[in-house]
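Take the sequence shown: its position 167, counted from the start at 1, is 167 in UniProt numbering, and no numbers get skipped. Cβ coordinates follow ideal geometry from the N, Cα and C atoms, glycine included. Okay, structure first, notes after.
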Amino acid sequence: MENINPFTLSQRKNKKKRRTNQQNSQTYIKQPLDIPKPKVNLNTTNLPNKPKPDRKRIRNLQQKPKPKTSQGNKQKQKEKSQLKTQKITSFLNKKVNQPMSKPKYKRIPTTPRHVLKSKDNNWDYWDKSHLLLPCSKYNTWIKLIGNRNSKPLQKWYLINTTLKCKLDNCQKFLKALQRINNVLSTNSLKPVKSFFENSLTENEQENFFTNVLPKIQNLVLSLPHEMDRLNRPIKLLRSGRLAKEELPQSLIASLMACSFFCVMPYGDYQNTRSPYLNRRNFTQLYIGKHQMSDSNCNKMKCFINYFQIVTKNDRRANGMVSFYRNRLVDIPKWETSESKLSNLIINKHLRIEDCHKHLQVDFANKFIGGGVLSNGCVQEEIRFAICPELVVSCMIIEKMKKNETVLIIGAKRYSNYTSYGSDFTFNGAYNPEDEGGDPKDVLGEGESNGKEIGKEDEKEKEKEKEKEKETQNGNGNGNGNEYKLEKEEEKEKNKRTEKWIENQDLNSLTKTHLIAIDAVNFSRKKPYAQYRPFYIKREINKIYCGFQKLKILNFDNRPIASGNFGCGVFQGDKELKSLLQLLAASEAKRELVYCSFEDEKFSEKFSNLYKQLLDYGYTVSKLYNFLLDFNNQTNTFSVFEYIENQILEEFFNEVFENDNETFDGNNNATINNNNIINIQEKIENETHFKIGNNIKTETSINTETETENENQNDNDIVKEKVMENSENLNENGKNNIEKEEMQHNTNLQHKITEIEN
1 MENINPFTLS QRKNKKKRRT NQQNSQTYIK QPLDIPKPKV NLNTTNLPNK
51 PKPDRKRIRN LQQKPKPKTS QGNKQKQKEK SQLKTQKITS FLNKKVNQPM
101 SKPKYKRIPT TPRHVLKSKD NNWDYWDKSH LLLPCSKYNT WIKLIGNRNS
151 KPLQKWYLIN TTLKCKLDNC QKFLKALQRI NNVLSTNSLK PVKSFFENSL
201 TENEQENFFT NVLPKIQNLV LSLPHEMDRL NRPIKLLRSG RLAKEELPQS
251 LIASLMACSF FCVMPYGDYQ NTRSPYLNRR NFTQLYIGKH QMSDSNCNKM
301 KCFINYFQIV TKNDRRANGM VSFYRNRLVD IPKWETSESK LSNLIINKHL
351 RIEDCHKHLQ VDFANKFIGG GVLSNGCVQE EIRFAICPEL VVSCMIIEKM
401 KKNETVLIIG AKRYSNYTSY GSDFTFNGAY NPEDEGGDPK DVLGEGESNG
451 KEIGKEDEKE KEKEKEKEKE TQNGNGNGNG NEYKLEKEEE KEKNKRTEKW
501 IENQDLNSLT KTHLIAIDAV NFSRKKPYAQ YRPFYIKREI NKIYCGFQKL
551 KILNFDNRPI ASGNFGCGVF QGDKELKSLL QLLAASEAKR ELVYCSFEDE
601 KFSEKFSNLY KQLLDYGYTV SKLYNFLLDF NNQTNTFSVF EYIENQILEE
651 FFNEVFENDN ETFDGNNNAT INNNNIINIQ EKIENETHFK IGNNIKTETS
701 INTETETENE NQNDNDIVKE KVMENSENLN ENGKNNIEKE EMQHNTNLQH
751 KITEIEN
């Protein structure tokens, strides 16, 4: 085959088209058969000759006559043309000899939009995947000049000029906020006024406006210097991706100062609030028509305490805070898992943040931080107020999905507190020298199976009560002496904390490992929906995602400190959520320290059930299947009661199965002596266990001796009845045995209830 040029092929096609067009133009239109065709004269000699058009004449007529120009006009036109040529040649020569001038910013093509990057530094990015900073070139604002808008101006110039001024009073501080932020300029700022006037004393106001607030201003102005030290942009940990970000504590302090002055830009680079990020400014705390609530006032005190400690003597911490976004990839098979239950420590008095060297659980919202910078004051909000370095996660981390958690390492604690919710109160600066011990230091390593912490604390409390009674008996009512003692103790603590802040480095504060796990909000749904298998699987997978060991941390195996996960505002069931956490911790092969927050009844029930599960050797799969079956039960049992009943049913079924194996093929049954002894031992253990767990610790020694004698009598009755049953097996068979044993079990239950009463 010869190589044919495609260009020649196209020419041939065009020629064919032309020929067909010419033929169609020459042919006549086909007419119907009824109409006769017109006759045509074939003699061309008689036709007149048409003259051809003069094309040159037509062109001359179309052209306009040129105006008659004088010699002066001709010279001016020549000069203009010469100037144009000179300009063009000079411009071209410059571009040839000199390099092209680069633009001030690059437009890097990405999907779906572009990125704005500054030429002057390596950290000024303005796009979706990086944190927007107030000191960026692209953070602009428009000023009204009359009825017209000005050109876009840099907002950092306005921030820099306002914060270099002295702000000695509350009025100057509020005016500076209104000048910097457009939102604050249009709304009332009554809550901030009420905070400074009512919740702070005169000495505290002077200390704040003379010592603390100027240093906060310097922190804001030092943000470009801190970013130059970092020399890279700050990433956003976006949803659906594994990511990590490490930030120095000095930069975190300047970012917190920017949010204190409400300077941080909105979440989206198009000046609109991002639907995937939480609030990052203090605007919701400052804005309102009413006074600031007590809980918000105490949160503000925590933040001011943080700035006071960080800026004391112009010293800053040199540590790093790291943020990790985790995702669950390998979901365990809960229904067939054979892993054993891990060690459990139930604690009444310790808080989660007091369990050092543990992985501390944050009962988080899907938007991390929740309502810290608004009206929220629950476990997560309190934790973020105590450790304000965690607030930076609201700026960086997008909302969590079903299979995601957030791990934060290195954030430090700066303040103490008391109570919870609307009664939350700030209780001074945090001093690690006055902190309590770890749970393992109290119990030891080998004594953690189902035991409770805090017995030593209870003894100390009893001693304090005895001392109070002695003071009341000796000095009348003793109210004045108690008040004086409390004041003296508070003064001593304050002196200790002040000395520690002056002499101690900030790096000596204990670094925490905090895992943020968000629960389902059942307050908006029906509460019984949490017992459905769909939500049980969702919650246990979410908890396991937080409890699993990570490769990034070299599979760190530290124990977990947790509590009533999702049981406050979200209306979760304590019994269900506690068992789900135990299953996830045992599958991850970690110890669990459960803080019950002074709920004695719940801690007793949970410890009793955990002992039963250990005694009968239950695995993760058995307990998980019990929880799935709980949705189908129609009785009004709680989760713990339902599982206890299931344990007893399986126990008695095992006993009857062991009896059935001894029957012969001739329908004549014989029981071995070994089988009888095993039945006796199981029943004895069951009776001792039920009685020992239900009796309170406050009962006297006499009642305990009486119960032991009754148990011995019950066991003798059991032995006699079992021997009688063995003699009558050949006569009565299997049915008589079952009836007698059922009657015996009912008698035992009646006796147990009598002992409890």
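### Query
Do E347 and C262 have their C-beta atoms within less than 7 Å of each other?
Within the sequence shown, residue 347 is the residue found at index 347, counting from 1. Within the sequence shown, residue 262 is the residue found at index 262, counting from 1. The sequence given here has Asn at residue 347, not Glu. For N347 and C262, no; Cβs fall outside 7 Å.
### Message
Just to confirm before moving on: does the CB-CB distance between C135 and L223 stay below 7 Å?
### Response
If you number the sequence shown from 1, residue 135 lands on position 135. If you number the sequence shown from 1, residue 223 lands on position 223. Yes, Cβ-Cβ distance for C135 and L223 is below 7 Å.
### Query
To the nearest angstrom, how far is it from the Cα of Y269 to the Cα of N211?
As a working note, residue 269 is residue 269 in the sequence shown. As a working note, residue 211 is residue 211 in the sequence shown. Note that Y269 scores a pLDDT of 49, beneath 50, so its modelled location is shaky; the value from the coordinates is reported in the next line. Distance between the alpha carbons of Y269 and N211 is about 35 Å.
### Message
Buried or exposed, going by whether 16 or more other CB atoms sit within 10 Å of the CB of A529?
### Response
Your numbering for residue 529 matches position 529 in the sequence shown. When all chains shown are included, A529 counts as exposed.
### Message
Between the alpha carbons of N645 and F260, how many angstroms are there, rounded?
### Response
As a position in the sequence shown, residue 645 is number 645, starting the count at 1. As a position in the sequence shown, residue 260 is number 260, starting the count at 1. Those two C-alpha atoms are separated by around 55 Å.
### Task
Let me know the secondary structure DSSP gives R327 once reduced to three states.
Reading the sequence shown from its first residue, position 327 is the one you call residue 327. R327 falls in the strand class under three-state DSSP.
### Query
What is the DSSP secondary structure of T110, reduced to helix, strand or coil?
Position 110 of the sequence shown, counted from the first residue, corresponds to residue 110. The predicted model places T110 with a pLDDT of 40, which falls under 50 and marks its position as unreliable, so this point remains unresolved.
#### Entry: DSSP three-state assignment for L251, whether helix, strand or coil
Along the sequence shown, read from residue 1 onward, the residue named residue 251 stands at position 251. Helix, per DSSP.
### F426 - DSSP class collapsed to helix/strand/coil
Here the question's residue 426 lines up with position 426 in the sequence shown. Strand.
### Message
Checking 7 Å against the spacing of the C-beta atoms, do S342 and E591 come in under that value?
### Response
As a first step, residue 342 must be located in the sequence shown, where it is residue number 342. As a first step, residue 591 must be located in the sequence shown, where it is residue number 591. The answer is yes: Cβ separation under 7 Å.
### Message
Quick check on I517: does DSSP put it in helix, strand or coil?
### Response
For the purposes of this step, residue 517 is taken as residue 517 along the sequence shown, with counting starting at 1. The answer is strand: DSSP assigns I517 an E or B state.
### Query
Could you give the distance in angstroms between the alpha-carbon of I671 and the alpha-carbon of L580?
Taking the sequence shown and counting its residues from 1, one reaches residue 671 at position 671. Taking the sequence shown and counting its residues from 1, one reaches residue 580 at position 580. The predicted model places I671 with a pLDDT of 40, which falls under 50 and marks its position as unreliable; any figure quoted below should be read in that light. About 42 Å.
### Query
Near residue 782, which residues of its chain fall below 8 Å by C-beta distance, leaving aside the five closest residues on each side in sequence?
Coverage of the chain is limited to positions 1 through 757, which leaves residue 782 absent and any answer about it impossible.
### Query
Rounded to a whole number of angstroms, what is the C-alpha to C-alpha distance between S254 and Q217?
Stepping through the sequence shown from its first residue, residue 254 is reached at position 254. Stepping through the sequence shown from its first residue, residue 217 is reached at position 217. S254 and Q217: Cα-Cα distance of roughly 9 Å.
### Query
Beta-carbon separation of F570 and A516 under 7 Å?
Here residue 570 is taken as the residue at index 570 of the sequence shown, counted from 1. Here residue 516 is taken as the residue at index 516 of the sequence shown, counted from 1. Their beta carbons are not under 7 Å apart, which means F570 does not touch A516 by this criterion.
#### Entry: CB-CB length for V406 against F323, believed under 8 Å
The count along the sequence shown starts at 1 and reaches residue 406 at position 406. The count along the sequence shown starts at 1 and reaches residue 323 at position 323. Right, their Cβ atoms sit about 7 Å apart.
#### Entry: Contact set for E727: own chain, Cβ-Cβ below 8 Å, skip 5 residues either direction
Taking the sequence shown and counting its residues from 1, the one referred to as residue 727 is at position 727. The pLDDT assigned to E727 is 49, lower than 50, so where the model puts this residue is not dependable, and the model offers no usable value.
### Message
Do V361 and S596 count as a contact pair if the criterion is CB distance below 7 Å?
### Response
Within the sequence shown, the letter at position 596 stands for residue 596. Within the sequence shown, the letter at position 361 stands for residue 361. Against a cut-off of 7 Å, the Cβ pair of V361 and S596 comes out as no contact.
### Task
Evaluate contact between the region 621 to 631 and the region 372 to 381, counting only Cβ atoms and requiring at least three cross-stretch pairs below 8 Å.
no
### Message
DSSP three-state label for H225, please.
### Response
Here residue 225 refers to the residue found at position 225 when the sequence shown is read from its first residue. Helix at H225.
### Message
When you compare the CB positions of K366 and M395, do they come within less than 7 Å of one another, or not?
### Response
As a position in the sequence shown, residue 366 is number 366, starting the count at 1. As a position in the sequence shown, residue 395 is number 395, starting the count at 1. Cβ distance not < 7 Å, so K366 and M395 don't count as in contact.
### Query
Ends of the beta strand (DSSP E) at K401?
Stepping through the sequence shown from its first residue, residue 401 is reached at position 401. First-last for K401: undefined, no H or E at that position.
### Message
Between the region 198 to 210 and the region 272 to 287, can you find at least three pairs of beta-carbon atoms closer than 8 Å?
### Response
no
### Query
So, M292 versus P388, is the Cβ gap smaller than 7 Å?
Along the sequence shown, read from residue 1 onward, the residue named residue 292 stands at position 292. Along the sequence shown, read from residue 1 onward, the residue named residue 388 stands at position 388. No. Outside cutoff.
### Task
With DSSP as the reference, please indicate the residues paired to Y417 in a beta bridge.
What you label residue 417 is simply residue 417 of the sequence shown in a count that begins at 1. Paired residue(s): F426.
### Query
Can you tell me where the beta strand (DSSP E) with S562 in it begins and where it stops?
Residue 562 sits at position 562 when you count from the first residue of the sequence shown. 560 to 562 is the span of the beta strand (DSSP E), which, as asked, contains S562.
### Query
Can a CB atom of chain B be found closer than 7 Å to the CB of T336?
The structure shown contains no chain B; it is built from a single protein chain.
### Task
Starting from the N-terminal side, write out each stretch of the beta strand (DSSP E) that is 3 residues or longer and does not extend beyond the region 619 to 651.
none
### Query
Mapping DSSP to helix, strand and coil, what is F363?
Here residue 363 corresponds to residue number 363 of the sequence shown, with the count starting at 1. If DSSP states are grouped into helix, strand and coil, F363 belongs with the strands.
### Query
So, helix, strand or coil for L373, using DSSP?
To locate residue 373, count along the sequence shown from 1; it is residue 373. If DSSP states are grouped into helix, strand and coil, L373 belongs with coil.
### Query
Going by Cα to Cα distance, which pick from K164, F196, F307, S129 is closest to M256?
For the purposes of this step, residue 256 is taken as residue 256 along the sequence shown, with counting starting at 1. With distances taken between Cα atoms, M256 lies closest to F307.
### Task
Please report the residue range of the alpha helix (DSSP H) in which I309 lies.
As a position in the sequence shown, residue 309 is number 309, starting the count at 1. Element bounds for I309: 294 to 310.
### Query
How would you write the range of the alpha helix (DSSP H) that N608 sits in, first residue to last?
Mapped onto the sequence shown, residue 608 falls at position 608. 600 to 615 is the extent of the alpha helix (DSSP H) around N608.
### Task
Quick one: using the 10 Å Cβ neighbour count with 16 as the cut-off for buried, is E206 buried or exposed?
Here residue 206 refers to the residue found at position 206 when the sequence shown is read from its first residue. Flag for E206 reads exposed.
### Task
Kindly indicate which residue of L553, F656, N318 has the alpha-carbon position closest to the one of S359.
Here residue 359 refers to the residue found at position 359 when the sequence shown is read from its first residue. Just to set this straight, residue 359 is Leu in the shown sequence, not Ser. It is L553 whose Cα lies nearest to the Cα of L359.
#### Entry: Given 8 Å, three or more beta-carbon pairs between the region 127 to 142 and the region 227 to 246
yes
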